[in-house]
Structures are given as C-alpha cells and as structure tokens.
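Counting in our numbering, the final residue of the sequence shown is number 514, and the numbers go up one at a time with none missing.
Below: one structure, written as structure tokens.
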Amino acid sequence: MKFNKIKLFAIAILASMTAINCSNDDDEIITDMSSELDFSGTYIQEDQMARPAINTVFVNSGMKDAFNTTVPSQMGAMYQEAFQTKLETLSPAYDPESPSDANALGLTASQFTGVLATDVLTVSLDNPTTFFDGTNVLTGRALADDVIDVELILIFGGEMGLSDPEFPGLVSDNVSSNDKEFLPSFPYLASPW
C-alpha cells in the first residue's frame with residue numbers, strides 16, 4: 322500500500338512540474354521572425370512524397386533512407402530498375418515477357434517506372450492543374466484529385482485504363498469523396514472535426 326502512495330505522489334509531482342512548465346503564451350503574434358529564427362547549420366532531406374503512395378509501395382524498406390535523401394535528378398537512374406521489378410511483380414497488367422505492354426498513358430513498364438522513380442510533383446504552367454483528368458497527365462495536383470485512384474488505374478488498368486481495366490477490382494480504393502467539402506478560400510481544407 323505504501324508503494325502505491327509513493328507512485329501516486331511521484332505522478333502528482335510530475336504532473337505539477339509539467340503544468341508549471343506550460344505557459345499560455347501562444348496568444349502572442351510574432352511579426353518580426355528574423356530575430357527569432359536561426360537558419361544556420363546543415364539541413365538534410367528526411368522524406369520525399371511528391372506522389373502519394375508511390376514511395377510507400379515501390380521503395381523497399383531497405384532503401385527508404387537512401388531514396389528519401391537522393392537528389393531527384395538522380396532518382397530515375399538509381400531506382401527505375403527496382404521500381405520496374407516491383408511493378409511487374411505487383412501488376413499482371415505489365416507482362417515482363419512483353420516489353421511493349423503499356424498502361425493507359427501508353428507507357429511501358431520501363432517508361433512508367435522511369436517517371437515514378439523520380440519522385441517530384443511535375444507542374445505545367447500551360448495546362449490545367451491536375452494529376453490526371455483523362456487528357457492532362459501529371460500537370461500538377463489539384464486538391465480534389467483522386468490521386469490514389471489515378472495511380473491504381475495506371476498500375477493495374479492496363480492499356481485501356483478505366484474504360485476497360487484489365488483488373489477492375491484493383492483500379493479504385495472506392496473512396497469517391499471527402500467527408501467534408503473543400504472551403505472556397507484559403508486554407509481550402511475543412512477543419513478536421
């Protein structure tokens with residue numbers, strides 16, 4: 322019984338120390354950030370995820386750190402072959418025995434994984450901003466784009482994509498909309514709750 326009282330006393334002291342160390346100074350608005358921030362030092366890239374799920378699916382756990390810190394201009398040459406092996410393993414829509422087998426964009430496994438292995442978000446200044454709208458491809462990413470479905474279509478849909486997918490059960494995550502509407506002005510995303 323005495324030991325339980327000691328534990329309760331220790332928890333009470335820890336809680337009170339935490340409460341004392343917390344302050345309510347988050348209401349102050351700092352307008353001159355130059356005197357507060359220090360950007361000196363060496364910074365390193367920790368993670369890359371320009372195209373959601375691509376890094377997660379195609380980068381094996383043993384090469385995650387190396388991939389995430391590789392300069393994008395070097396990614397294609399370094400990781401395309403590993404991506405292609407993974408793509409051909411995952412998707413029967415790409416037959417390794419038929420190198421001309423392509424996806425809805427007309428890209429072969431080699432071409433498509435060359436695009437995927439360079440994990441950057443491409444943007445076009447002349448076309449609509451979209452991940453894929455049936456005509457424009459990887460010209461940016463609009464907030465409402467269903468990126469996961471597009472990726473699934475390009476991986477499992479085969480040459481006809483969504484119009485006649487080779488593997489219809491694998492071309493959608495079946496999440497057709499957000500739980501909340503986007504806002505018409507910044508920050509555009511609805512509050513989480």
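In this text, a Cβ means the ideal position worked out from N, Cα and C, and glycines have one as well.
| query | result |
| --- | --- |
| Unbroken alpha helix (DSSP H) run spanning PRO486, endpoints | First-last for PRO486: undefined, no H or E at that position. |
| Sub-7 Å separation of GLY482 and ILE476 beta-carbons | no |
| The segment 425-443 in contact with the segment 404-412 per 3-pair CB rule at 8 Å | yes |
| Supposed close pair TYR509, LEU464 - CB separation, criterion 8 Å | 6 Å |
| Endpoints, the alpha helix (DSSP H) within which THR434 is located | 430-438 |
| For ALA423, the residue or residues it bridges with in DSSP | THR429 |
| Cβ neighbour criterion (16 or more within 10 Å) applied to ILE365 | exposed |
| Outcome for ASN495 when other beta-carbon atoms lying within 10 angstroms are tallied against a minimum of 16 | exposed |
| VAL471 versus LEU446, ASN448, SER497, residue with shortest Cα-Cα distance | SER497 |
| Contacting residues, own chain, Cβ-Cβ under 6 Å from ASP485 (five flanking each side not counted) | none |
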